[in-house]
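The letter at position 244 of the sequence shown is residue 244 when you use the working numbering, and the numbering goes up by one with no holes. Let me begin by presenting the structure, written as structure tokens, before commenting on it.
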Amino acid sequence: MTTCIYYDLEEVSPGDIQLARRCAPGTTEFVARGVVWPLGIGGSPPEHVPSPRDYDYQAELMDWIDRLFQALLQANGSVHQCGHQVRTLLEIARYHFFFEFAAVEQRWRALVEMWRRHAADRVIWVAPAGRLRQLTGLGDNALPVRIEFVGGAGPRGVASRLFETAKQIARPPIKWLIHGLSRFTIPTVRTPSPLDTRVVFAEYFPNSAKGLLPVAKSLGDDHGIEVMWLALRKPVATLIRRSGIAPHLINQFVPEAADARTPFTIEDRERLEDSLNQLPDPIFRGTTDVVGRRYLQPALRQHLTSALEQATYWLDALMRTFARIRPRCVVSTTYSSIPGRAAAIACQRHGGRSIYLQHGLFPDREFFTRFCNDTLLLWGESNRRFITNHGIGDEQVQVVGATIYDDLVCRAKSARSKPLPAREGSLAIAYMASRTGGAAVSYSTAKLCLSSVIQAASEIAGARLVVKLHPGDKTGMVERLVGKRRGCTVVKEGGSQEVICQSDVVIVLSSTTGLEACMADKPLIVLRPEGVPGFGPYAEYNAALEVPVNGDGDAKRIAEAIQSLRSDAKLAQSLAAGRRRLVNDMLNGGQGNAAQLSAQAIAALLQEPAEAAAKLGNNA
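Here it is, written out as structure tokens:
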């Protein structure tokens, strides 16, 4: 019997390894690429399987999703009887399903890899205890492999897990209460005529709405165009009100949305199940060459049902809303979320134009170009080259710069081109932490990088470290690791730009705040641990020092990189020139007028003859 061990964990602890090895001593061990292996553990290092965060793996997964969607569309009849054209719903749900299903399919990939490489017929599968029930279907597969599940500790403590469980229990009754009260608290709203509403800004994410506020102001001040703000959930409305603007919540136009979140009916679910039953076995290979129908089909039913329910809800709500306000164009900063994609399609169906205003970097990979929007307002020429190289017409793309960095340009002017303090002087180091356990960085990698930065700062005389917590990080890892260390501060609230402007050196892992450092002309260090996809082509422009992180000597390398920025004038000048090249190519020169250019582009589009815009999402 050949046994392998797989650690399906964000952070592998020595205790997890000891527990698994007691079950199968002397066996080959596996982890997903990007999960840090503890130091000082005897035996051979583990082998790697693809991580759901790997771009190469994600490209394979998107190819498989294309085949899956095409097969569903060709299935005999059933799925086509759903309320909307199923092709549209699948396209709206594409990225949501893609990100949600990656972890599911990757486990099948990991199992097949262990079986292929070592002819494993027994696998010890170590996963967080709370997840074991979800994984039972993995053991019901066509491979001649027996899986024994073992509960691992995971990265969080008991109190944190209890708190999360309590939130999950409390969430349904709280949502029911809020939805019930909303029927009595929603004010009556005058429905604008088509002439009243020329431009609608539709947003689901509060942080994204911030980048649209100056664009709306410029449209009003410079072009006399009043923007209607359509908040797709309450936190967005709250943020907009704080800016002195009266937004409209979507359930003011569609009150019944507060009561019914899932118009995807029981009959629709049955039709989807029937279509899945009709799919040929080769579809259920996933990204492997082995059919895993008994594992993948139930998971597909669950995740597709959830995604299509959300897509149906948002398309219904937005179609009815736009039928009343008839916008000439709808602007959004999200192209991958279900609400953002549904807004684009609903606008088009009512004769309007959908505009995507870039809010963050999207990776230079073809599978991130499945837009539903008619027009793309992008940050820089590098984005234009990437988009047009993948088949999108140049006439559908305009370069306007990054509206979210306009304020930074003004604030950073006084701090530009200042030399770093001498070796014996004080030094302000900013570490812009990525989201722990997020889309790019595993829990263990985030912890390793932060530990290395803290140690590196402690070895530099006069250094002060400020760690800016990612707003989406709720793990508590950063606070626990920093604790009450002298010379080290955690900033939880506010934006990243203030922290960057007050720093001498900026360190990032995968965060796009590295672009902000370049915009502010701050020396930049980028950490490059194995398994974390690169976010920003800093090396291409020679705009930053890149430091590999592998768990051995990391702090020393980081400290040496920081000191080299202080002692090597030629290096500092070369990196400064690289930052300027990056800003010119990626951020339209960083002139601080992106909001005005965006407003100008939107106003110009409104003046064009009303005709059917070329659709980027051909499948929509």
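Virtual Cβ for every residue (Gly too), placed ideally from N, Cα, C. Everything numeric in this text was worked out from a predicted model, so none of it was measured.
Anticipated Cβ contact below 8 Å, Ala-307 with His-96, distance rounded: Confirmed, Cβ separation roughly 5 Å.
Ala-75 burial status per 10 Å Cβ neighbour count (16 or more: buried): Here Ala-75 is buried. Its C-beta has 16 or more other C-beta atoms within 10 Å.
Boundaries (first-last residue) of the alpha helix (DSSP H) holding Gln-297: Residues 293–325.
Leu-143 and Trp-115 closer than 7 Å at C-beta: Result yes, Cβ atoms of Leu-143 and Trp-115 sit closer than 7 Å.
Alpha helix (DSSP H) segment containing Leu-138, residue limits: Counting along the chain, Leu-138 falls outside any alpha helix (DSSP H), and DSSP gives it neither H nor E.
Assigned secondary structure, Met-1 (DSSP; H/G/I helix, E/B strand, else coil): Here Met-1 carries a coil assignment [DSSP, helix/strand/coil].
Leu-636 versus Cys-488 - alpha carbon distance: Any answer about residue 636 is impossible in this case: the structure gives the chain only from 1 up to 620.
Distance between Thr-436 and Thr-475 (C-alpha atoms, nearest Å): In this structure, the CA atom of Thr-475 is about 7 Å from the CA atom of Thr-436.
DSSP state of Thr-330 mapped onto helix, strand, coil: Per the sequence shown, residue 330 should be read as Val rather than Thr. If DSSP states are grouped into helix, strand and coil, Val-330 belongs with the strands.
Nearest-angstrom Cα separation, counted from Lys-492 out to Glu-226: A direct Cα-Cα distance of roughly 35 Å separates Glu-226 from Lys-492.
Contact under 7 Å by Cβ, Tyr-356 with Asn-383: No, they are not a contact pair.
Sheet register partners of Ala-202 (DSSP bridge): The partner list for Ala-202 (beta bridge, DSSP) reads Leu-230.
Contact check, Ile-124 vs Ala-24, beta carbons under 7 Å: At a Cβ-Cβ threshold of 7 Å, Ile-124 and Ala-24 count as neighbours.
Reduced DSSP secondary structure (H/G/I, E/B, other) of Cys-488: Here DSSP, grouped into helix, strand and coil, assigns Cys-488 to strand.
Assigned secondary structure, Gln-600 (DSSP; H/G/I helix, E/B strand, else coil): Annotated three-state conformation of Gln-600 is helix, per DSSP.
Three-way DSSP call (helix, strand, coil) for Glu-608 in this model: Coil.
Boundaries (first-last residue) of the beta strand (DSSP E) holding Leu-448: Run containing Leu-448: none in the beta strand (DSSP E); it sits in the alpha helix (DSSP H), 443–458.
Sufficient close CB pairs (3 or more, under 8 Å) joining the segment 541–559 to the segment 579–599: The answer is yes - the segment 579–599 touches the segment 541–559, with three or more Cβ pairs under 8 Å.
Residue interval of the alpha helix (DSSP H) (run including Ala-559): Its alpha helix (DSSP H) spans residues 554–567.
Under 7 Å between C-beta atoms of Val-331 and Phe-205: Going by beta carbons, Val-331 and Phe-205 fall outside the 7 Å limit.
C-alpha distance - Gly-340 paired with Leu-527, whole-angstrom precision: The alpha-carbon atoms of Gly-340 and Leu-527 are separated by roughly 32 Å.
Proximity winner among Met-477, Glu-148, Arg-370, relative to Ala-127 (alpha-carbon distances): If we check each option's Cα against that of Ala-127, Glu-148 comes out closest.
From Asp-56, Tyr-6, Thr-445, Arg-293, residue whose alpha carbon lies closest to that of Asn-550: Considering only Asp-56, Tyr-6, Thr-445, Arg-293, the residue with the shortest C-alpha distance to Asn-550 is Thr-445.
Three or more C-beta pairs below 8 Å linking the segment 275–294 and the segment 37–48: Contact between the segment 275–294 and the segment 37–48 is absent, because fewer than three Cβ pairs lie under 8 Å.
CA-to-CA distance, Val-112 to Val-86, given in whole angstroms: Going from the Cα of Val-86 to the Cα of Val-112 covers about 32 Å.
Simplified DSSP assignment, three categories, for Glu-530: Glu-530 falls in the coil class under three-state DSSP.
Three-state secondary structure (DSSP) of Trp-125: In this structure, Trp-125 counts as strand in the three-state DSSP scheme.
Helix, strand or coil at Ile-59 according to DSSP, with G and I counted as helix: Note that residue 59 is Ala in the sequence shown here, rather than Ile. Helix.
Status (buried if at least 16 other CB within 10 Å, exposed otherwise) for Gln-596: Gln-596 should be labelled buried.
Beta-carbon proximity of Gly-34 to Arg-53, cut-off 7 Å: Less than 7 Å separates the beta-carbon of Gly-34 from that of Arg-53.
Spatial neighbours of Leu-68 in its chain, beta-carbon cut-off 7 Å, leaving aside the 5 residues before and after: Only Ile-283 meet the Cβ criterion.
The segment 234–245 / the segment 280–296 touching (three or more Cβ pairs under 8 Å): Under the Cβ criterion (8 Å, minimum of three pairs), the segment 234–245 does not count as touching the segment 280–296.
CA-to-CA distance, Phe-371 to Pro-255, given in whole angstroms: Cα to Cα, Pro-255 sits roughly 29 Å from Phe-371.
Terminal residues of the beta strand (DSSP E) in which Pro-548 lies: 545–549 is the span of the beta strand (DSSP E), which, as asked, contains Pro-548.
Close Cβ partners of Ala-594 (< 6 Å) along its chain, the five nearest in sequence each way excluded: Here the set comprises Val-400, Gly-401, Ala-402, Thr-403, Asp-406.
Helix, strand or coil at Lys-468 [DSSP, three-state]: DSSP places Lys-468 within a strand segment (E or B) once states are collapsed to three.
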